[in-house]
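Written out below as structure tokens is the structure these notes cover.
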DNA sequence: CATGAATGAGTTTTCATTCAT
DNA sequence: TATGAATGAAAACTCATTCAT
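Residue numbers (the working numbering), protein chains in the order written: chain A, 8 to 204; chain B, 8 to 204; chain C, 8 to 204; chain D, 8 to 204.
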């Protein structure tokens, strides 16, 4: 019983199914069959809408990024000081959805895929640049430009590193201690600068 | 013209070929054919010596770990103070071999594999535990135990994070600035503690 | 030009092709390729519908059993006396289809497979039990229970034995003399009992 | 440490290992590797002595036949009457070695192989002919030629049938009841003839 | 005599993808 | 719009067999 206007619904269902399948599986080695079954449609439909598995993966990657962005933007809006903006970025990175074991696994899988897929790499770089520029922008209000770059770099690396450790052992690092570790890094770095001045 | 005692040579050649193939490829989705060609033997020989692709991958993983260990141990031996030991650990982590783009790609690939392979996960956890305990041991000479745990955690996450960023963009972070970032983290954290006291 | 509702047709075609291929070959060492070619489809389709070679073999075994049953049931229905029922069972066992050289070869092949495949063994045991119980049921009207068991046992063994000899040398035993041998066994055994009484 | 006169020993060891492997496995789908391991030598040695797997299987088949013959001959020698000779043949067929589950499995496997291997078929036919002629020879002293042929045929089929049933369910038929069944067949048939006369 | 080394040919199986309906 | 039908291509793995030593 085909309906009109199904396209956006189907696309979303397929992308969500892909993300879930990848997350559950812990890798991109998922079959179109599995994805389609998870979405409750036939594999052929996935091809109908996305043309190829690669395209579906790219779309999924985009959705993951958009999701993260969707958490960051409102949080940034709510932050009233530069320091609070930094905390907002950290907080969004470790949001319940983002730091869920399956989401982390998906991120990791896409990092690996980026080794070969130009588009995936491009998208991941966009994410990295965006986080970096958000951090630098806020930090520049708190220290000089060179130091801001440095702390931004460290903060971003720390976030990624905590993600990867989470992937290895879901139980190991809870959200709160991860957040605290990064917050402490920022605070300590900023303190060191002002004390030096 | 087959000779005797080829087994260890072939095993090594195959493991090295696997590491190289994975590194070049940027993922574990390499075929036995590719690996065998890279090692200059037939795929059948790889099965003859390792039994299965999984076993070969595990052996390769082990070799990667042993290689890292081989760089850490002598550096630790040469370090004369606790602080120097920490630097030695950082230095080894960013050694030329370890931080080579292909090696980093291989590490990342294994992190993804760890999602499904118990043995791979076990081996990666061993690496993580070893680094952690080495760091904590050195840090305990410089600050109290709780703080040592904290800094060790941050240092390890920072190292992993810089690895992952390296994987994304080989050019982005050069070895020296990566080392400097981690060194600075340790130094600043330790300084913050003593100033507080 | 694919149509709908092909599944049952393909399944049957594949099972029939399997039976034929096994019969021609004289063993279960047939490849999916051969079977698929015989059915006029690609090997992949066989996997699509049956999942694995083993499953296809099991389905074929089941079909063979069903075929035999399909010959026995109407013959039993047409038999009006206990003795006639026994003759019907013998007659069905040596029906043209069942005693065809290729069918016999297939039966034999499955007997060998039963050594390792639990499901195959289970199915063969069902066949054996069914024949036995049919025979015993009819014989009990002609002699006492213990003797009925004995004659049923002998009759079944004789049938199987003639099958195996047929497999060895298709020309050796024609259908009629095989039937006559078993009929004579039953007749003589029953006569011996009544004369003794 | 190569020794002189090893050839016959090695050949025997390999043939015995083949028989054991086939018996344990329940089919001819055994690898040269398995056979060699069972014999405690390298696979290459099996090729050295037998040239090919087929040749080794043929030799094994021959050994199986010789073994059976080795049980029949002395038993026949010890039999003092025609009827006793028949019992001796039956007895030898159900000797402990012959009726062992693994031996039965091997026989069955060879019957299947006979479908494709001319030499195997030839050897099995020799066995069949020898049993038949032994039976007929003894029976002719007890009844007329035509009847002797008939009873010999039935006896042989019964023996084979009991073998095949044994293969299906080792527990089902014990040696003694198998022997008794065949003995009873012969006795009843002979009795029927004399009573008719 | 005996074997470790090595492989080519083949087999099962998987999977992205196409297409007619 | 949606799918069942179908497959080509490739991958993991097996195994009989050869050969130099």
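The beta-carbon is built from N, C-alpha and C at its ideal position, and this holds for glycine as well.
1) Just confirm the distance between the C-beta atoms of residue 65 of chain A and residue 53 of chain A, as a whole number of angstroms; I'd bet it's less than 8 Å.
2) What's the gap between the Cα of residue 58 of chain A and the Cα of residue 117 of chain B?
3) Is DSSP giving residue 70 of chain B helix, strand or coil here?
4) Does the stretch 14 to 28 of chain B come within contact of the stretch 43 to 50 of chain B, defined as at least 3 CB pairs closer than 8 Å?
5) Can residue 165 of chain A and residue 192 of chain A be called in contact, C-beta distance under 7 Å?
6) Output yes if chain D places a C-beta closer than 7 Å to the C-beta of residue 161 of chain C; else output no.
7) Is the beta carbon of residue 174 of chain A sitting closer than 7 Å to the one on residue 112 of chain A?
8) Mind pulling the chain C residues with CB within less than 9 Å of residue 195 of chain D?
9) Using a C-beta to C-beta distance shorter than 7 Å, which residues of chain B count as neighbours of residue 132 of chain A?
10) Strictly below 7 Å CB to CB, what residues from chain C border residue 59 of chain D?
11) In chain order, what are the residue ranges of uninterrupted alpha helix (DSSP H) at least 4 long that sit wholly in the stretch 100 to 160 of chain A?
12) Can you list the residues of chain C that residue 172 of chain D reaches, using a CB-CB cut of under 8 Å?
13) Would you kindly work out how many angstroms separate the C-alpha atoms of residue 199 of chain C and residue 199 of chain D, rounded to a whole number?
14) Would you mind telling me which residues of chain A sit closer than 7 Å to residue 112 of chain B, beta carbon to beta carbon, in chain order?
15) DSSP state of residue 224 of chain C, grouped into three classes?
16) Listing by chain order, which chain B residues have their CB less than 9 Å from the CB of residue 94 of chain A?
17) Looking at chain B, is there any beta carbon in it that lies within less than 7 Å of the beta carbon of residue 33 of chain A?
18) Excluding the 5 residues flanking residue 149 of chain D on each side, which residues of the same chain have their C-beta closer than 7 Å to its C-beta?
19) Can you list, in chain order, the residues of its chain with a C-beta nearer than 7 Å to that of residue 26 of chain D? Leave out the 5 residues immediately preceding and following it.
20) Could you give the residue range of the alpha helix (DSSP H) that holds residue 53 of chain B?
21) With 7 Å set as the bound, which would you pick, yes or no: does the beta-carbon of residue 66 of chain D sit closer than that to a beta-carbon of chain C?
22) In chain B, what lies closer than 9 Å to residue 188 of chain A by C-beta?
23) In whole angstroms, what is the alpha-carbon distance linking residue 76 of chain C and residue 80 of chain D?
24) Anything in chain B within Cβ reach of residue 115 of chain A, meaning under 9 Å, just list it in chain order.
25) Against residue 128 of chain C, what residues of chain D qualify as contacts under a CB-to-CB distance less than 9 Å, listed in chain order?
26) Would residue 8 of chain A be called buried (16 or more neighbouring beta carbons within 10 Å of its own) or exposed?
27) Measure from the alpha carbon of residue 127 of chain A to the alpha carbon of each residue in A/28, A/61, A/47, then state which is nearest.
28) Determine the closest residue to residue 161 of chain A out of B/188, B/63, B/146, B/143, with distance taken between C-alpha atoms.
29) In the structure shown, what three-state DSSP assignment does residue 168 of chain A receive?
30) Taking the alpha-carbon positions, what's the residue 202 of chain A to residue 156 of chain B distance?
31) Pull up the distance between the alpha-carbon of residue 122 of chain B and that of residue 110 of chain B, whole angstroms please.
32) Using only alpha-carbon positions, find the residue among B/96, B/182, B/172, B/84 that is nearest to residue 103 of chain B.
33) How many whole angstroms separate the CB atoms of residue 171 of chain C and residue 167 of chain D, which I take to be in contact at a CB cut-off of 8 Å?
On the basis of the data shown:
1) Within the first chain, residue 65 of chain A is the residue found at index 58, counting from 1. Within the first chain, residue 53 of chain A is the residue found at index 46, counting from 1. Actually they are not in contact, since the Cβ atoms of residue 65 of chain A and residue 53 of chain A sit about 13 Å apart, beyond 8 Å.
2) The residue labelled residue 58 of chain A in the question sits at position 51 within the first chain. The residue labelled residue 117 of chain B in the question sits at position 110 within the second chain. Their Cα atoms are separated by approximately 30 Å.
3) Numbered from its first residue, the second chain carries residue 70 of chain B at position 63. Here residue 70 of chain B sits in helix by DSSP.
4) yes
5) Start at 1 with the first residue of the first chain, and residue 165 of chain A comes out as number 158. Start at 1 with the first residue of the first chain, and residue 192 of chain A comes out as number 185. Yes, Cβ-Cβ distance for residue 165 of chain A and residue 192 of chain A is below 7 Å.
6) Walking along the third chain from the start, residue 161 of chain C turns up at place 154. At least one beta carbon of chain D lies nearer than 7 Å to the beta carbon of residue 161 of chain C.
7) In the first chain, the residue the question calls residue 174 of chain A occupies position 167. In the first chain, the residue the question calls residue 112 of chain A occupies position 105. The answer is yes: Cβ separation under 7 Å.
8) The count along the fourth chain starts at 1 and reaches residue 195 of chain D at position 188. Ordered by position in chain C, the residues that pass the 9 Å Cβ test against residue 195 of chain D are 192, 195, 196, 198, 199.
9) Reading the first chain from its first residue, position 125 is the one you call residue 132 of chain A. Chain B residues near residue 132 of chain A: 175, 176.
10) For the purposes of this step, residue 59 of chain D is identified with residue 52 of the fourth chain, where counting begins at 1. Residues of chain C passing the Cβ test: none, with the nearest at roughly 17 Å.
11) 108 to 120, 125 to 146
12) Position 165 of the fourth chain, counted from the start, is the residue given in the question as residue 172 of chain D. Within chain C, the residues near residue 172 of chain D are 135, 163, 164, 167.
13) Within the third chain, numbered from 1, the residue matching residue 199 of chain C stands at position 192. Within the fourth chain, numbered from 1, the residue matching residue 199 of chain D stands at position 192. Whole-angstrom Cα-Cα distance: 7 Å.
14) By one-based count along the second chain, residue 112 of chain B stands at place 105. Within chain A, the residues near residue 112 of chain B are 122.
15) Residue 224 of chain C is absent from the structure shown; chain C starts at 8 and stops at 204.
16) On the first chain, position 87 is the one that residue 94 of chain A refers to. By Cβ distance, chain B contributes nothing, its closest Cβ being about 17 Å from residue 94 of chain A, past 9 Å.
17) Residue numbering aside, residue 33 of chain A sits at position 26 when the first chain is read from its first letter. True, the Cβ-Cβ gap to chain B drops below 7 Å.
18) Position 142 of the fourth chain, counted from the start, is the residue given in the question as residue 149 of chain D. Here the set comprises 89, 90, 197.
19) Stepping through the fourth chain from its first residue, residue 26 of chain D is reached at position 19. Once the five neighbours on either side are set aside, the close Cβ partners of residue 26 of chain D are 67, 70, 71, 113.
20) Residue numbering aside, residue 53 of chain B sits at position 46 when the second chain is read from its first letter. Note, residue 53 of chain B: alpha helix (DSSP H), 50 to 57.
21) Within the fourth chain, numbered from 1, the residue matching residue 66 of chain D stands at position 59. No - not a single Cβ of chain C is within 7 Å of the one on residue 66 of chain D.
22) Counting from 1 along the first chain, the entry for residue 188 of chain A is found at position 181. Identification of chain B residues near residue 188 of chain A by a Cβ-Cβ cut-off of 9 Å yields 157, 160, 161, 164, ordered along the chain.
23) Position 69 of the third chain, counting from 1, holds the residue named residue 76 of chain C. Position 73 of the fourth chain, counting from 1, holds the residue named residue 80 of chain D. Distance between the alpha carbons of residue 76 of chain C and residue 80 of chain D is about 43 Å.
24) Taking the first residue of the first chain as 1, we reach residue 115 of chain A at position 108. By Cβ distance, chain B contributes 115, 118, 119, 122, 171.
25) Against the third chain, residue 128 of chain C aligns to sequence position 121. Scanning chain D for C-beta atoms nearer than 9 Å to the C-beta of residue 128 of chain C yields 175, 176, reported in chain order.
26) Sequence index remark: in the first chain, residue 8 of chain A carries index 1 (1-based). With a pLDDT of 45 at residue 8 of chain A, under the threshold of 50, the predicted position of this residue should be treated as unreliable, though the coordinate-derived value follows. Residue 8 of chain A comes out exposed.
27) Taking the first residue of the first chain as position 1, residue 127 of chain A is located at position 120. For the residues A/28, A/61, A/47, the minimum Cα distance to residue 127 of chain A belongs to A/61.
28) In the first chain, counting from the first residue as 1, residue 161 of chain A sits at position 154. Among B/188, B/63, B/146, B/143, the Cα nearest to that of residue 161 of chain A belongs to B/188.
29) Here residue 168 of chain A is taken as the residue at index 161 of the first chain, counted from 1. In this structure, residue 168 of chain A counts as helix in the three-state DSSP scheme.
30) Residue 202 of chain A sits at position 195 when you count from the first residue of the first chain. Residue 156 of chain B sits at position 149 when you count from the first residue of the second chain. Approximately 25 Å, taken between the alpha carbons.
31) Mapped onto the second chain, residue 122 of chain B falls at position 115. Mapped onto the second chain, residue 110 of chain B falls at position 103. C-alpha separation (whole angstroms): 19 Å.
32) Within the second chain, residue 103 of chain B is the residue found at index 96, counting from 1. Ranking B/96, B/182, B/172, B/84 by Cα distance to residue 103 of chain B puts B/182 first.
33) As a working note, residue 171 of chain C is residue 164 in the third chain. As a working note, residue 167 of chain D is residue 160 in the fourth chain. With a Cβ gap of about 5 Å, residue 171 of chain C and residue 167 of chain D count as contacting.
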